[in-house]
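Reading through the structure tokens given below for one structure.
Numbering (our numbering), first residue to last: 1 to 562.
See below:
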């Protein structure tokens, strides 16, 4: 590609990448592409959003805003006037994306595989959606005709990988690793094809999901400190994660070689970091022990008891194949079973607060707001204080250290039009603890240990052994970037959108929360702001039953359903 006078920005995402994994490989010169970019550019830790989950984090990057403005707090949200949960997608996001803003300003964009870009939005250029896309039968490209064009060009395409198809689902770990690599190869080829098809592009972005997928599944095999580590398995699968970073480095080298241009700024980033997952935390059971949440009496809920007994049997490896076949034949079974086990046994009249999801989000059960609210509005703050105190007092029984690094009132970390939909209390975990929304161990949830080491297989967690962390990575190189800049304070994901707009010499919407990383730029100047874009999300993103099944399988395989 020949040099152009106009500025261009290339963003390559390594979902879940952490310096703890990359630095040893860089020291061995096994990532020459990243090494060269760092040598001639700058690197830093990049702090994720709260919570550090892909659907929220990539939205924070894309909008330059915190959750209270873009309105997402997990992979699913509470349905209106109900305790039921529904899966989210791009139609639920309340803020304009960077590529939408750039498109409105006549910049051509090529965007491939960014999580939460389905349903696709019209942009000036081309878009191929990523995580939370139902499947190849959906309309996953813009323009629409690009779908068949890509399939013809590539022969096949993989949007995302369901790791729950592991050994019990008929696929070996070796086959899973190979399929993830194939997915990355196809997505890289799609990106290369679209850059060549749009030679006048201004903004290009590709997200590699492979590190996140493989760190969830394979962390135990490369980490000798993990409680499930053993040397035999490590010899077979211990290099899978490192191998992934090496082949992605080669894929990125291919992209950079094809678009060589002195006016290009290259940004490599991850949406969050990674570390070991060693403990399950049964937060709702803990809230029950503290008298904040109540379950129905077992004698009056024989159906729930039978469900628990059946689920415990399904965890037996001998019937795992039958379990997977049942879920395949009955798409809604898993969703309905998960919801029934998580919330079907709650006594809402006596429940003051309850946790949703796997990230420490707690909602109060407020009268007039929830369908069966029990907390009077006048008791809201007193009840919330009790929840916060309880969460801060939850500790690891072995180390006596707190499970939650921080426990926040929602208005302390969020602001914006979507604040009222945020969890009332947010507990941040930046360690090896996984919130389990469902207790598959049986009992009424008030007598069991609430913090347990991994080992007993939890249905739907799919043997995950890696967990997200707050510290991701940032590398910046090329036009307009200073070399070897040392940040005094780690930048945040939300800082990238305004910084990229600054690189284009574009005014920044005044409702963005991120700041321009001026200290990283050679041309340091005062940022100019413009009134926020008048954005209304009119996309129709309702999933069909079949589409919901595909989404559930992928999220369950990554441990996101608890």
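All C-beta atoms, glycine included, are put in the ideal place defined by N, C-alpha and C.
{"Query": "Boundaries of the beta strand (DSSP E) in which residue 268 is found, first to last residue", "Result": "264–269"}
{"Query": "Short Cβ contact (7 angstroms threshold) for residue 270 with residue 16", "Result": "yes"}
{"Query": "Own chain residues within Cβ distance below 7 angstroms of residue 50, not counting five before or after", "Result": "413, 426 and 428"}
{"Query": "Straight-line Cα distance separating residue 279 from residue 453", "Result": "4 angstroms"}
{"Query": "Given residue 282 as reference, the closest of 487, 265 and 404 once Cα atoms are compared", "Result": "404"}
{"Query": "According to DSSP, residues forming a beta bridge with residue 370", "Result": "367"}
{"Query": "Bridge-paired residues (DSSP) for residue 486", "Result": "Its beta-bridge partners do not exist; DSSP assigns none."}
{"Query": "For residue 118 and residue 540, the rounded distance between their alpha carbons", "Result": "10 angstroms"}
{"Query": "Expected contact under 8 angstroms - CB spacing of residue 469 and residue 495 to nearest Å", "Result": "Not quite, the Cβ-Cβ distance comes to about 19 angstroms (not below 8 angstroms), so this is no contact."}
{"Query": "Through-space distance from residue 486 to residue 191, alpha-carbon basis", "Result": "32 angstroms"}
{"Query": "Coarse secondary structure for residue 76, derived from DSSP in three states", "Result": "strand"}
{"Query": "Counted within 10 angstroms of its Cβ, other Cβ atoms place residue 526 as buried (16 or more) or exposed", "Result": "exposed"}
{"Query": "Which of helix, strand or coil DSSP assigns to residue 577", "Result": "Past the edges of the chain, shown from 1 to 562, lies residue 577, and the structure says nothing about it."}
{"Query": "Buried/exposed call for residue 345, threshold 16 Cβ in 10 Å", "Result": "buried"}
{"Query": "Euclidean distance between Cα positions of residue 463 and residue 264", "Result": "41 angstroms"}
{"Query": "At least three beta-carbon pairs within less than 8 angstroms, the stretch 83–102 to the stretch 120–132", "Result": "yes"}
{"Query": "Cβ neighbours of residue 10 in the same chain (closer than 6 angstroms, five flanking residues each side left out)", "Result": "204, 264 and 266"}
{"Query": "Beta bridge counterpart(s) of residue 475 as assigned by DSSP", "Result": "43 and 268"}
{"Query": "Buried versus exposed call for residue 370 [16 or more other C-beta atoms within 10 Å across all chains shown]", "Result": "buried"}
{"Query": "Residue 7 burial status per 10 Å Cβ neighbour count (16 or more: buried)", "Result": "buried"}
{"Query": "Nearest-angstrom Cα separation, counted from residue 249 out to residue 29", "Result": "11 angstroms"}
{"Query": "Cβ pair residue 498, residue 514 closer than 7 angstroms", "Result": "yes"}
{"Query": "Buried versus exposed call for residue 318 [16 or more other C-beta atoms within 10 Å across all chains shown]", "Result": "For residue 318, the predicted model reports a pLDDT of 41, less than 50, meaning its position is unreliable; a value from the coordinates is still stated below. Result: exposed."}
{"Query": "DSSP state of residue 182 mapped onto helix, strand, coil", "Result": "helix"}
{"Query": "Test item: CB-CB of residue 195 and residue 110 under 7 angstroms", "Result": "yes"}
{"Query": "Close Cβ partners of residue 376 (< 6 angstroms) along its chain, the five nearest in sequence each way excluded", "Result": "367"}
{"Query": "Sub-7 angstroms separation of residue 352 and residue 361 beta-carbons", "Result": "no"}
{"Query": "Alpha-carbon to alpha-carbon, residue 158 and residue 182", "Result": "8 angstroms"}
{"Query": "Residue 15 - DSSP class collapsed to helix/strand/coil", "Result": "coil"}
{"Query": "Reference residue 206; option with closest CA among 23, 255 and 172", "Result": "255"}
{"Query": "contact_flag[the stretch 61–79, the stretch 414–423] where n(CB pairs < 8 angstroms) is 3 or more", "Result": "yes"}
{"Query": "Residue closest to residue 374, alpha-carbon to alpha-carbon, out of 293, 393, 219 and 359", "Result": "293"}
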